[in-house]
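Position one of the sequence shown corresponds to residue 30 (this note's numbering), numbered consecutively onward. Glycine included, C-beta positions come from ideal geometry on N, C-alpha and C. This report refers to the structure that appears directly beneath it.
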Amino acid sequence: MQPLVQLTDAEIGYPGKKLFRASLSIFPAEKILLTGPNGTGKSTLAKTLLGSQKPLSGKQTMPQAMAYVPQNSRQDLQYPVTLRSLVEAGCPGYAKRKDKNCLAKIREMLKEMGLSGNAEILLREASGGQLQRALLARAFIAKPSFVLMDEPFSSIDRAGRAEISGLIGKFLEETKAALLIIDHFGVMPKGFYDRHLEIDGGVLQEMN
């Protein structure tokens, strides 16, 4: 099986500062947890895997279809945007063309995420769980083959985490997409991931 995402002897960092060297292969349907102390390079590695930042050296293989789910706390909740509008942003060109196929996908995704009755709620009025489900819907609507999530469980209670992890698991089972989740605070539900990677002391290592 060919990896979807691959780094081969890649030096991770940014101009003027090298953080660590990594070789990493991510395969279809894998769920990977990424942890490590603050400042070790988790965000830099994420940017590299998403293609917004190139490795300083080495080789990189990237999938054609990727999606990113940011932290809830990074959303501008004062901007007058509804949950529906947030999901629509995952369908390129929908705002201009009102494509019927895209409209059907939006309706289907809102239903799957349990947001059909709350789609017109403004972001600032939504609960943490509603906002997280909308962010997931925006990422999943285009059926990417690789998804990177930053703290998807951080602002959700234990019951909500079980619900969100179920929605993520269902999407991965249907699409065979690969998933990498960054967990800064150790709130990842046990048993949710297949592999655990950690960055510490300038080393990316596989944990048991």
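Just confirm the distance between the C-beta atoms of residue i and residue j, as a whole number of angstroms; I'd bet it's less than 8 Å.
i: L33; j: F49; result: 22 Å between Cβ atoms; not a contact.
i: A163; j: L144; result: 6 Å
i: A96; j: A171; result: 7 Å
i: M236; j: F182; result: M236 to F182, Cβ: 19 Å. No contact.
i: N147; j: Q161; result: Wrong, their Cβ atoms sit about 13 Å apart, outside the cutoff.
i: K219; j: A58; result: Actually they are not in contact, since the Cβ atoms of K219 and A58 sit about 19 Å apart, beyond 8 Å.
i: V98; j: A168; result: 5 Å
Tell whether a beta-carbon distance below 7 Å holds between residue i and residue j.
i: I211; j: K71; result: yes
i: L74; j: I41; result: yes
i: G157; j: S184; result: yes
i: V116; j: A51; result: no
i: K83; j: T37; result: no
i: S194; j: P92; result: no
i: T111; j: E154; result: no
i: L53; j: H225; result: no
i: Q234; j: D179; result: no
i: E227; j: G65; result: yes
Please classify residue i: does DSSP put it in a helix, a strand, or coil?
i: F56; result: coil
i: V110; result: coil
i: M30; result: coil
i: M138; result: helix
i: T77; result: helix
i: G68; result: coil
i: N156; result: Looking at the sequence shown, residue 156 is not Asn but Ser. Three-state result, S156: coil.
i: A133; result: helix
What residues match up with residue i in a beta bridge as DSSP calls it?
i: I211; result: L63 and D179
i: R224; result: I61
i: F49; result: I41
i: D229; result: V232
i: Q161; result: According to DSSP, which records beta bridges pairwise, Q161 is partnered with nothing at all.
i: Q35; result: S54 and T90
i: A96; result: V176
Does the Cβ of residue i have 16 or more other Cβ atoms within 10 Å, making it buried, or fewer, making it exposed?
i: M30; result: exposed
i: D186; result: exposed
i: K60; result: buried
i: D223; result: exposed
i: A94; result: exposed
i: T69; result: buried
i: K46; result: exposed
i: A188; result: exposed
i: K134; result: buried
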